[in-house]
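Protein chains in written order, with our numbering: chain A, 4 to 172; chain G, 17 to 171.
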């Protein structure tokens, strides 16, 4: 039976994984795009979170702010996902054994759940608070949770790189 | 003269404290990224508005009022944490080409931001061409700072 670590090792040792890792330019370039993608994805979603918290753009409907930023947030996330996948490809086994990588993945899953809960549950009653300068607690919690989760994801992502060890190899 | 400034920063108690602590540099770098989200996120949305690509039903000056306080908090965070990171490895930075590229972009971005960009963002009757140009240049300069900043760690 092949273990997940062995699968990760195979991914990392694949031709593409190895060439990304060993290239002098590809990895730094992909990593830099990942950080600039962060500015676009989290940098736009934070405006929606601040609106949901009632801290910014209070005279605009919550749904309007969402409609304005959503395409850019999504575009930023696609860049993050593609560049993140490429970096995982080249360091899969390093990632697998790294505690911060696991924290980051859990954080991403929770951020996804937060968005789905907001979309399918909280948003149903939107008509009642869409124009409220300060939305009800449930909406504010979603915004706060989003900001906190993304902060945690960023922190774990940055700490990963400091704690990659050769023990995976 | 410049070298002695870098030397003094490297040997300052603050620089040494960060350098000698296990997590100091990493934590300050994370705060630097939090600042980046606010600063580049704010510049991104403001520039899109100047380019006429987002929130076009809201006057430019209103969007600027919404975004600029948070953007400035981001800038202040980036400058404070950036100076700290620099102090902890100033002599290495002195010899780093990407660092000097970043500083050139930063100087250009700061000057542009607080002159042309600010002026255009506060007026609602600017010609769309001028407005779009200011948005595009501001976006390129600030994201150029970010690009060079990440490259410092690699070369």
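Using N, Cα and C, we set each Cβ at its ideal position, and we do this for glycine too.
Show which residues of chain A have a CB atom less than 9 Å away from the CB atom of residue i.
{"i": "residue 138 of chain G", "result": "Correct list: empty, because the minimum Cβ distance to chain A is about 17 Å."}
{"i": "residue 121 of chain G", "result": "By Cβ distance, chain A contributes nothing, its closest Cβ being about 13 Å from residue 121 of chain G, past 9 Å."}
Mind listing the chain A neighbours of residue i? Cutoff is C-beta to C-beta under 8 Å, in chain order.
{"i": "residue 45 of chain G", "result": "161"}
{"i": "residue 36 of chain G", "result": "The premise fails here: residue 36 of chain G is roughly 16 Å from chain A at the closest Cβ pair, so nothing lies under 8 Å."}
{"i": "residue 42 of chain G", "result": "161, 162 and 165"}
Tell me whether residue i sits in a helix, a strand or coil according to DSSP, three-state version.
{"i": "residue 101 of chain G", "result": "helix"}
{"i": "residue 34 of chain A", "result": "helix"}
{"i": "residue 83 of chain A", "result": "helix"}
{"i": "residue 57 of chain A", "result": "coil"}
{"i": "residue 2 of chain A", "result": "Any question about residue 2 of chain A goes unanswered here, given that chain A covers just 4 to 172."}
{"i": "residue 132 of chain A", "result": "helix"}
{"i": "residue 1 of chain G", "result": "Because chain G is modelled from 17 through 171, residue 1 of chain G falls outside the range shown and cannot be assessed."}
{"i": "residue 126 of chain A", "result": "helix"}
{"i": "residue 131 of chain G", "result": "helix"}
{"i": "residue 101 of chain A", "result": "coil"}
{"i": "residue 167 of chain A", "result": "coil"}
{"i": "residue 25 of chain G", "result": "helix"}
Output, in chain order, the set of chain A residues within a Cβ distance shorter than 7 Å of residue i.
{"i": "residue 25 of chain G", "result": "Per Cβ cutoff of 7 Å: no residues; residue 25 of chain G is ~23 Å from chain A at best."}
{"i": "residue 82 of chain G", "result": "59 and 60"}
{"i": "residue 3 of chain G", "result": "With chain G covering 17 to 171 only, the question about residue 3 of chain G has no answer from this structure."}
{"i": "residue 71 of chain G", "result": "71"}
{"i": "residue 155 of chain G", "result": "Per Cβ cutoff of 7 Å: no residues; residue 155 of chain G is ~10 Å from chain A at best."}
Residues of chain G with CB closer than 8 Å to the CB of residue i, please, in chain order.
{"i": "residue 34 of chain A", "result": "166 and 170"}
Applying a beta-carbon distance threshold of less than 7 Å, which residues of chain G neighbour residue i?
{"i": "residue 46 of chain A", "result": "53, 56, 57 and 60"}
{"i": "residue 158 of chain A", "result": "46"}
Residue i and residue j look like a contact to me (Cβ under 8 Å); what is the Cβ gap, rounded to whole Å?
{"i": "residue 104 of chain G", "j": "residue 31 of chain G", "result": "5 Å"}
{"i": "residue 96 of chain A", "j": "residue 8 of chain A", "result": "6 Å"}
{"i": "residue 25 of chain G", "j": "residue 96 of chain G", "result": "So it is not a contact: roughly 14 Å between Cβ atoms."}
Which residues in chain G sit within 9 Å of residue i, going by Cβ to Cβ distance?
{"i": "residue 50 of chain A", "result": "57, 58, 61, 82, 83 and 86"}
*Are at least three pairs of beta-carbons, each pair with one atom in the segment 58-66 of chain A and one in the segment 71-91 of chain G, less than 8 Å apart?*
yes
*Residues within the segment 135-159 of chain A neighbouring chain D, beta-carbon criterion of under 9 Å*: Reference to chain D is not applicable here, since the protein chains of this structure are A and G.
*Count the CB pairs spanning the segment 110-125 of chain A and the segment 21-36 of chain A that are closer than 8 Å, and state whether there are at least three.*
no
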